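Letter 33 of the sequence shown, counting from 1, is numbered 33 in this note's numbering, and no numbers are missing. Heads up, the thing below is written out as structure tokens.
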Amino acid sequence: MAGTTVDDRINGLPLVLKSYNDAFRNHEVEVPMMVLNAQRGRDKRTVISELGGDKADDIYTDFVSSLKENISKIREMEGAPETFRKLKSKEVSVVVSTGFPVDVAEPLVDHLGWISDGLVDSWTCSELVGTSRPDPAMILDSMKRYKVDDPGIVIKVDDTMKGIEEGRNASVYTIAVLTGTQSIQQLDGSGPDMILRSVKEIPDHLEKKRML
């Protein structure tokens, strides 16, 4: 969600990266911002466990607290609701996914109102499926939930390398968008089927490809 359909920038800084950085520094663990940025899209507890050593549990607690404190400031990415409406008008099932834990993902989706407004069918997160991107478990679990057997009719949209790799591992059509914090060169290196500027361009692209 964050960076793709959710704009998590607060005062110009991506909340995820700021929360990572602050939580590590609170416990005197120095992790370069470049390293943290490369972890975007992954399960947050997994990332902190790998980088935080014996302070990981306390770092994770601070990280989640920062996210929860700022949920009310997070807004949807420009063009996201219009794209959702277009997809829903074509009877496309829309699932949003995240590396946030359940206790952050659920109130975030509630705050945005996507499900109550009928724009999104459901949400999932790495914690629910028990594994992190680039493992395709979130996609495969959602396909099973909606009784979809053909990966060729599934589209994965993401702003991170790990998210695109997740889609490729599920053998679905992948679209990278440039609204996150990873560069076009980084995203291109993950092998997406298409790179777009933002989710606003998705309906037109899919119609041109006769996929919508």
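Where is the CB? At the ideal position from N, CA and C, for every residue including glycine. Because the structure is a prediction, the values reported are computed rather than measured.
### Message
Whole angstroms are fine: how far does the CA of H205 sit from the CA of V29?
### Response
The C-alpha of H205 is placed about 43 Å away from the C-alpha of V29.
> Can you tell me whether DSSP reads V92 as helix, strand or coil?
Replying inline: In the structure shown, V92 falls within a coil segment according to DSSP collapsed to helix, strand and coil.
Pull up the distance between the alpha-carbon of D8 and that of L15, whole angstroms please. Going by the C-alpha atoms only, they are around 5 Å apart.
*How about S122 and V95: do their beta carbons lie closer than 8 Å?*
Between S122 and V95, the C-beta gap is smaller than 8 Å, which places the two residues in contact.
*Cross-strand partners of S122 (DSSP beta bridge)*: Paired residue(s): V95.
* **Opening and closing residue of the alpha helix (DSSP H) in which L67 lies** => Its alpha helix (DSSP H) spans residues 56-70.
Worksheet item: So, helix, strand or coil for L178, using DSSP?
Response: In the structure shown, the three-state DSSP call for L178 is coil.
* Rounded separation between C125 and V102 - CA only -> Straight-line Cα distance between these residues: approximately 7 Å.
Is it true that the segment 55-62 meets the segment 174-183, where meeting means three or more beta-carbon pairs spaced less than 8 Å apart? Contact between the segment 55-62 and the segment 174-183 is absent, because fewer than three Cβ pairs lie under 8 Å.
request  = Give the DSSP-derived three-state secondary structure of V157 in the structure shown.
outcome  = Strand at V157.
ask   = Looking at I195 and V172, is the spacing between their C-beta atoms short of 8 Å?
value = No, they are not a contact pair.
Strand pairing of A2, partner residues [DSSP]: Partner(s): V6.
Count the CB pairs spanning the segment 66-74 and the segment 102-116 that are closer than 8 Å, and state whether there are at least three. Touching, yes.
- [ ] Measure the C-alpha to C-alpha separation of E127 and A137 and round it to an integer number of angstroms.
- [x] Put simply, the backbone Cα of E127 is about 11 Å away from that of A137.
* To the nearest angstrom, how far is it from the Cα of R75 to the Cα of L112? -> Each residue's Cα considered, the two are about 7 Å apart.
Using the rule of at least 16 other Cβ atoms within 10 Å of the residue's Cβ for burial, across every protein chain shown, is V47 buried or exposed?
The residue is buried, with at least 16 neighbouring Cβ atoms inside 10 Å.
| said: Are the CB atoms of T5 and A80 within a distance shorter than 8 Å? | reply: The answer is yes: Cβ separation under 8 Å.
Can the beta-carbon of P134 be found closer than 8 Å to that of E91?
It is not a contact, given that the beta carbons lie outside the stated cut-off.
* I139 - DSSP class collapsed to helix/strand/coil -> Secondary structure at I139: helix, using DSSP grouped into helix, strand and coil.
For a quick check, are the C-beta atoms of G12 and T160 less than 8 Å apart? Cβ atoms of G12 and T160: not closer than 8 Å.
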